[in-house]
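Below is one structure, written out as structure tokens; the observations come after it.
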Amino acid sequence: QVEGVAHSSFRRLSGREKKEMQKEILSLLGLPGRPRPHPPLRPPSSAPLFMLDLYHAVSSEDDDGPGLGFSPEVVSHAALPTLSTHTPPLGTVVSEADTVMSFVNLVEQEKDLLQPRPYWKDFRFDLTPLPQGETVTAAEFRIYKTLPVGWRANRTLHISVYEIQREKRYRDPDLALLDMQSVPTGQEGWLAFDVTSASNRWLLNPRSNLGIRLYVETEEDRSLSAGWVGLVGRRGPRSKQPFMVTFFRASQAPCRPPR
Amino acid sequence: AVRHNNPRKKKPKHDLPHPNRPGIFDQNHASSGRQGCKKHELYVSFSDLGWRDWVLAPTGYSAYYCDGECDYPLSSCMNATNHATIQALVHLLKPNEVPKACCAPTKLSPISVLFYDDNNNVILKKHRNMVVKHCGC
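Listed in order, the protein sequences are those of chains A and B. Read left to right, the first sequence gives residues 95 to 353 (my numbering). Read left to right, the second sequence gives residues 2 to 138 (my numbering).
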């Protein structure tokens with residue numbers, strides 16, 4: 095019924111018409127079709143929550159009409175409050191992005207705490223192949239910091255993230271500093287590290303993806319374990335597990351057949 | 002149609018206006034004079050399509066179409082969208098004689114989708130200038 099009047103002109107869709115309708119919507123949205131996750135594991139929900147915020151931020155821009163850029167505050171608020179002061183200009187990166195991908199953390203290993211310092215933690219992500227005709231404009235490694243127990247709140251932690259460039263047997267690997275931030279011990283929230291340069295290399299040459307290494311130090315340069323200061327890993331709550339997010343932009347205006 | 006009594010789960014019914022009938026407001030049109038050209042929304046829910054476990058957002062897709070009587074009497078048996086296409090064409094040929102069509106699209110809008118891929122990664126895809134949401138009606 096439409097506006098209270100029964101319409102005989104309506105009819106049931108045939109199976110073929112339903113298939114055609116679904117195919118049209120999939121094509122219009124550029125969706126490949128139902129994924130076949132292998133292995134079917136329950137992924138952490140931290141990335142989907144972040145991406146859902148991004149989606150709503152982007153869609154509200156769609157409704158406002160073209161050319162309305164984003165102020166970083168709008169997006170950083172929408173994209174979960176982060177502690178970091180060094181977050182790249184997320185606003186323009188998001189509104190100009192054609193594709194945003196979040197990657198589930200595959201491998202996570204930590205130095206044995208019985209070994210001599212410095213302590214470190216490695217994270218490696220499975221980067222899906224580069225979307226056709228698109229380049230990386232920004233990439234972030236996001237990790238959640240909770241309140242550590244038994245620490246004075248006003249101390250400062252220096253957290254640095256390195257790219258593992260070459261592994262060596264029985265020696266420390268070659269590292270390249272990507273980003274570093276100083277964070278009060280007593281604060282909680284998401285930390286966003288800029289790993290754009292590394293992700294560019296990984297996507298162009300997947301074999302060079304050896305992951306990233308995270309260090310934590312006090313003001314007196316004393317190395318600490320990530321877990322001691324409240325940095326959540328893969329065994330933490332699903333909504334707070336670490337992930338990586340990469341923003342892409344089409345190299346040239348993507349030409350799709352007019353609909 | 003003969004109802005098949007197979008035990009298959011009853012699928013939600015998609016009711017669409019019949020493409021060949023003049024318009025869904027036909028009864029109103031006959032009784033209360035001309036029904037002006039109006040934009041309509043046709044919403045398909047992704048829950049009905051069983052996609053909600055891999056398409057995180059949006060929850061469905063809205064298609065828009067125009068229906069009703071255009072002011073300019075090109076031909077009464079055309080539906081409004083076809084009428085707009087023809088009238089827009091004729092207007093280009095004779096801009097002084099034939100007015101612009103009211104329900105021709107005035108802007109192309111982007112559309113975004115958030116979904117899981119095969120590796121459980123979440124992807125946000127934005128397509129610029131992809132759908133028509135705005136027309137002259």
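In this text, a Cβ means the ideal position worked out from N, Cα and C, and glycines have one as well.
From the options, residue whose alpha carbon lies closest to that of residue i
{"i": "Pro111 (chain B)", "options": "A:Ala286, A:Glu111, A:Ser153 and A:Pro278", "result": "A:Ser153"}
{"i": "Asp119 (chain B)", "options": "A:Ser254, A:Ser302, A:Phe337 and A:Arg128", "result": "A:Arg128"}
{"i": "Gln203 (chain A)", "options": "A:Asp216, A:Asp268 and A:Tyr264", "result": "A:Asp216"}
{"i": "Leu148 (chain A)", "options": "B:Cys138, B:Phe116, B:Asn121 and B:Val45", "result": "B:Phe116"}
{"i": "Ala64 (chain B)", "options": "B:Pro106, B:His84, B:Val56 and B:Lys126", "result": "B:Pro106"}
{"i": "Asp123 (chain A)", "options": "B:Glu42, B:Thr60 and B:Asp49", "result": "Here the sequence assigns Leu to residue 123 (chain A), which means Asp is not the residue at that position. Minimum Cα distance to Leu123 (chain A) is reached at B:Thr60."}
{"i": "Tyr213 (chain A)", "options": "A:Phe197, A:Val310 and A:Ser121", "result": "A:Val310"}
{"i": "Asn299 (chain A)", "options": "A:Ser189, A:Ala344 and A:Asp220", "result": "A:Asp220"}
{"i": "Phe197 (chain A)", "options": "A:Ala320, A:Ile253 and A:Leu297", "result": "A:Leu297"}
{"i": "Asp268 (chain A)", "options": "A:Met274, A:Arg260 and A:Gln275", "result": "A:Arg260"}
{"i": "Lys108 (chain B)", "options": "B:Asn83, B:Lys134, B:Ser76 and B:Leu125", "result": "B:Lys134"}
{"i": "His252 (chain A)", "options": "A:Arg263, A:Val188, A:Met274 and A:Ser302", "result": "A:Met274"}
{"i": "Leu50 (chain B)", "options": "A:Tyr264, A:Gly109 and A:Met145", "result": "A:Gly109"}
{"i": "Val123 (chain B)", "options": "B:Phe47, B:Asp54 and B:Glu42", "result": "B:Asp54"}
{"i": "Leu285 (chain A)", "options": "A:Ile258, A:Thr186, A:Val326 and A:Arg218", "result": "A:Val326"}
{"i": "Tyr256 (chain A)", "options": "A:Glu234, A:Thr229 and A:Leu308", "result": "A:Leu308"}
{"i": "Cys67 (chain B)", "options": "B:Leu94, B:Val91, B:Ala102 and B:Glu98", "result": "B:Ala102"}
{"i": "Ser121 (chain A)", "options": "B:Val114, B:Cys136, B:Asn121 and B:Ser48", "result": "B:Val114"}
{"i": "Glu282 (chain A)", "options": "A:Ser345, A:Ile119, A:Val188 and A:Asn248", "result": "A:Asn248"}
{"i": "Ala233 (chain A)", "options": "A:Leu143, A:Val194 and A:Glu114", "result": "A:Val194"}
{"i": "Gln226 (chain A)", "options": "B:Val132, B:Lys126, B:Cys136 and B:Pro100", "result": "B:Lys126"}
Simplified DSSP state of residue i, which is helix, strand or coil
{"i": "Val243 (chain A)", "result": "coil"}
{"i": "Pro106 (chain B)", "result": "strand"}
{"i": "Leu90 (chain B)", "result": "helix"}
{"i": "Leu221 (chain A)", "result": "coil"}
{"i": "Ser76 (chain B)", "result": "coil"}
{"i": "Pro278 (chain A)", "result": "strand"}
{"i": "Asp192 (chain A)", "result": "coil"}
{"i": "Asp268 (chain A)", "result": "strand"}
{"i": "Tyr213 (chain A)", "result": "coil"}
{"i": "Arg129 (chain B)", "result": "strand"}
{"i": "Gly61 (chain B)", "result": "strand"}
{"i": "Ala286 (chain A)", "result": "strand"}
{"i": "Thr312 (chain A)", "result": "coil"}
{"i": "Gln116 (chain A)", "result": "helix"}
{"i": "Lys134 (chain B)", "result": "strand"}
{"i": "Lys95 (chain B)", "result": "coil"}
{"i": "Asp273 (chain A)", "result": "strand"}
{"i": "Pro142 (chain A)", "result": "helix"}
{"i": "Ser345 (chain A)", "result": "coil"}
{"i": "Ala85 (chain B)", "result": "helix"}
{"i": "Asp27 (chain B)", "result": "The predicted position of Asp27 (chain B) is uncertain, since its pLDDT is 39 and thus under 50; a value taken from the coordinates is nonetheless stated next. Residue state, collapsed to three classes: helix."}
{"i": "Val201 (chain A)", "result": "strand"}
{"i": "Ser302 (chain A)", "result": "helix"}
{"i": "His171 (chain A)", "result": "Residue placement at His171 (chain A) is flagged as unreliable, the pLDDT there being 30, under the threshold of 50; a coordinate-derived value is accordingly withheld."}
{"i": "Val326 (chain A)", "result": "coil"}
{"i": "Lys332 (chain A)", "result": "Looking at the sequence itself, residue 332 (chain A) is Arg, so the reference to Lys does not match. Note: Arg332 (chain A) maps to helix in three-state DSSP."}
{"i": "His19 (chain B)", "result": "Residue placement at His19 (chain B) is flagged as unreliable, the pLDDT there being 41, under the threshold of 50; a coordinate-derived value is accordingly withheld."}
{"i": "Ser121 (chain A)", "result": "helix"}
Chain-ordered neighbours of residue i on chain A, where CB pairs are closer than 7 Å
{"i": "Leu50 (chain B)", "result": "Gln116"}
{"i": "Val99 (chain B)", "result": "The premise fails here: Val99 (chain B) is roughly 24 Å from chain A at the closest Cβ pair, so nothing lies under 7 Å."}
{"i": "Leu93 (chain B)", "result": "Residues of chain A passing the Cβ test: none, with the nearest at roughly 18 Å."}
Interface partners of residue i on chain B, CB under 8 Å
{"i": "Arg332 (chain A)", "result": "Simply none; closest approach about 12 Å."}
{"i": "Thr193 (chain A)", "result": "Ile124, Leu125, Lys126 and Lys127"}
Interface partners of residue i on chain A, CB under 9 Å
{"i": "Leu90 (chain B)", "result": "In chain order: nothing, as chain A lies at least about 16 Å away."}
Under 8 Å by beta carbon: chain A residues contacting residue i
{"i": "Tyr62 (chain B)", "result": "Ile119, Leu122 and Leu123"}
Opposing strand residues paired with residue i [DSSP bridges]
{"i": "Gly37 (chain B)", "result": "B:Glu70"}
{"i": "His43 (chain B)", "result": "Reading the sequence as shown, one finds Leu at residue 43 (chain B) and not His. In the DSSP output, where bridge partners are listed per residue, Leu43 (chain B) has B:Ala64."}
{"i": "Leu318 (chain A)", "result": "A:Val310"}
{"i": "Lys262 (chain A)", "result": "A:Arg265"}
Partner residues on chain D for residue i, Cβ-Cβ distance less than 8 Å
{"i": "Ala58 (chain B)", "result": "Of the chains in the structure shown, none is chain D; the protein chains are A and B."}
Under 7 Å by beta carbon: chain B residues contacting residue i
{"i": "Pro129 (chain A)", "result": "Trp55, Tyr117, Asp118 and Asp119"}
{"i": "Asp220 (chain A)", "result": "Asn120"}
{"i": "Pro142 (chain A)", "result": "Leu57 and Val123"}
Under 9 Å by beta carbon: chain B residues contacting residue i
{"i": "Thr186 (chain A)", "result": "Near Thr186 (chain A) there are no residues of chain B at all, since even the closest Cβ is about 14 Å away, more than 9 Å."}
| said: Any C-beta of chain B within less than 7 Å: which residues of the segment 196 to 211 of chain A qualify? | reply: Taking 7 Å as the cut-off between beta carbons, the residues of the segment 196 to 211 of chain A near chain B are Ser196, Phe197 and Val198, in sequence order.
| request: Pull out every residue of the segment 111 to 137 of chain B whose Cβ sits closer than 8 Å to any Cβ of chain A, in chain order. | output: Here the close residues are Pro111, Ile112, Ser113, Val114, Leu115, Phe116, Tyr117, Asp118, Asp119, Asn120, Asn121, Asn122, Val123, Ile124, Leu125, Lys126, Lys127, His128, Arg129, Met131 and Val132.
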